[in-house]
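See below for the structure under consideration.
2 protein chains.
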Amino acid sequence: MKASQGVEWGLHLCMLLAFAEPHQTVDATSLAEYHELPLPYLRKILQALTRAGVLESVAGPTGGYRLARSADQITFLDIFSAVEGDQNAFRCTEIRQKGPTGLDQKCYPAACAIAATVWAAEQAWRDHLAGVSLFDITDGLTALAPPGQHELAITWLTKHTRA
Amino acid sequence: MKASQGVEWGLHLCMLLAFAEPHQTVDATSLAEYHELPLPYLRKILQALTRAGVLESVAGPTGGYRLARSADQITFLDIFSAVEGDQNAFRCTEIRQKGPTGLDQKCYPAACAIAATVWAAEQAWRDHLAGVSLFDITDGLTALAPPGQHELAITWLTKHTRA
DNA sequence: GGTAATGTGGATATGATATATCCACATTAT
DNA sequence: ATAATGTGGATATATCATATCCACATTACC
Chain A
23 MKASQGVEWG
33 LHLCMLLAFA
43 EPHQTVDATS
53 LAEYHELPLP
63 YLRKILQALT
73 RAGVLESVAG
83 PTGGYRLARS
93 ADQITFLDIF
103 SAVEGDQNAF
113 RCTEIRQKGP
123 TGLDQKCYPA
133 ACAIAATVWA
143 AEQAWRDHLA
153 GVSLFDITDG
163 LTALAPPGQH
173 ELAITWLTKH
183 TRA
Chain B
23 MKASQGVEWG
33 LHLCMLLAFA
43 EPHQTVDATS
53 LAEYHELPLP
63 YLRKILQALT
73 RAGVLESVAG
83 PTGGYRLARS
93 ADQITFLDIF
103 SAVEGDQNAF
113 RCTEIRQKGP
123 TGLDQKCYPA
133 ACAIAATVWA
143 AEQAWRDHLA
153 GVSLFDITDG
163 LTALAPPGQH
173 ELAITWLTKH
183 TRA
């Protein structure tokens, strides 16, 4: 089981944008350079985050991306779901209904107990991700002893943000 | 993010074997027929479960597979890890160290806060899976109103188990 | 000891999906 | 009008899950 690279990119880039001033945007090219990511594919990730309502996009010469709401209102689950989709990782194909002991479909009113158990575990995972916001991390980072990377990030942002 | 089919197969087949008498084995061909699974690939899954110590294999004409220990000592996590491996789904590639604000590697004594957060969520998921054993499910199934599928399974087992 | 039935491990083929790229178009500041 | 930007579709490539086969080791039975 493997999460896509885009999740890591999305989390780090949203974290970066959380340090920017509200309403200011950063263009995709700058974002790609910041973490040395392939620009064409990164655009897909940014579009997914925009469609999901995590980011806002602004077209035009001074356009770019910014958080769609305040950092404390964006959770890790929001970003994860935006990139990966919200399908369960475990897919029940109802193999219990197959084979020599399989019964007619109407004999299975309740969900497969095995699938239900695994899905409950996935819910625990989602609950944890939903409990952490971008602000929770930025807040923790600024509490670390300088010179921290977040200060470099803020300096970098002053050169790459547009009104 | 997607879990492999083998996990579903492993869970259902271990559940089936939990209904068998201790020391009795079921051969791979019968197991494949029970859920209409492709035999050659199923063998790989059974081998993985055996390597991980979830199942025991017996070679020879009356050979086959059986649980390596009692059903209450085998958790969903045991089976999941046996098939999927124990790597984290989220892979941190340390993109924080790359780009214009990247620092020398020795400047990063602590783990990436983003990766740590996601991995903590994965741990919550594992904790949940580790808290459910095969016995927990079989015990719940036999409490359901008959005629239940587990009774058909037990009948089927009497014709496909070997001493 | 021979034979047949089983599991094991390696090699390989196939298919699905993530990753990556490109292009025509819409939007907007200057 | 021009240039810089984001959008969406189409497509190529790479990676991994899925699936299959084969030579071999093990063991019950004759």
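If you read the protein sequences in the order shown, they are chains A and B. If you use my numbering, the first sequence corresponds to residues 23 to 185, in order. If you use my numbering, the second sequence corresponds to residues 23 to 185, in order. Just so it is clear, CB atoms sit at the ideal spot from N, CA and C, and this is done for glycine as well.
Within chain A, the residues whose beta carbon sits less than 8 Å from that of residue 120 of chain B are 57 and 58, listed in sequence order. Under the three-state reduction of DSSP output, residue 28 of chain B falls in the helix class. In the three-state reduction of the DSSP assignment, residue 116 of chain A falls in the coil class. Taking the beta carbon of residue 142 of chain A as reference, the chain B residues within 8 Å of it are 150, listed in sequence order.
Every alpha helix (DSSP H) of 4 residues or more that sits fully in the region 75-119 of chain A is shown, in chain order, as 98-106. Between residue 28 of chain A and residue 67 of chain A, the gap from beta carbon to beta carbon is short of 8 Å. One Cα belongs to residue 82 of chain A, the other to residue 40 of chain A, and the distance between them is close to 22 Å. Under the 10 Å beta carbon count, residue 73 of chain B is surrounded by fewer than 16 other beta carbons and is classified as exposed. With contact defined as three or more Cβ pairs closer than 8 Å, the region 42-57 of chain B and the region 94-109 of chain B are not in contact. Listed along the chain, the chain B residues whose CB falls inside 7 Å of the CB of residue 33 of chain A are 136. In the same chain as residue 114 of chain A, and ignoring 5 residues on each side of it, the C-beta atoms closer than 6 Å to its own belong to 134 and 137, in chain order. With contacts defined by Cβ atoms closer than 8 Å, residue 160 of chain A and residue 23 of chain A do not form a contacting pair. Residue burial annotation: residue 116 of chain B is exposed, with fewer than 16 other C-beta atoms found within 10 angstroms of its C-beta.
The closest CA to that of residue 173 of chain A, considering only B:122, B:75, B:127 and B:48, is found on B:122. Residues 93, 94, 95, 96, 97 and 98 of the same chain have their beta carbon placed closer than 8 Å to that of residue 155 of chain A, with the five preceding and five following residues left out of the count. Judged by beta-carbon spacing, residue 140 of chain A lies beyond the 8 Å limit of residue 87 of chain A, meaning their Cβ atoms are not closer than that value.
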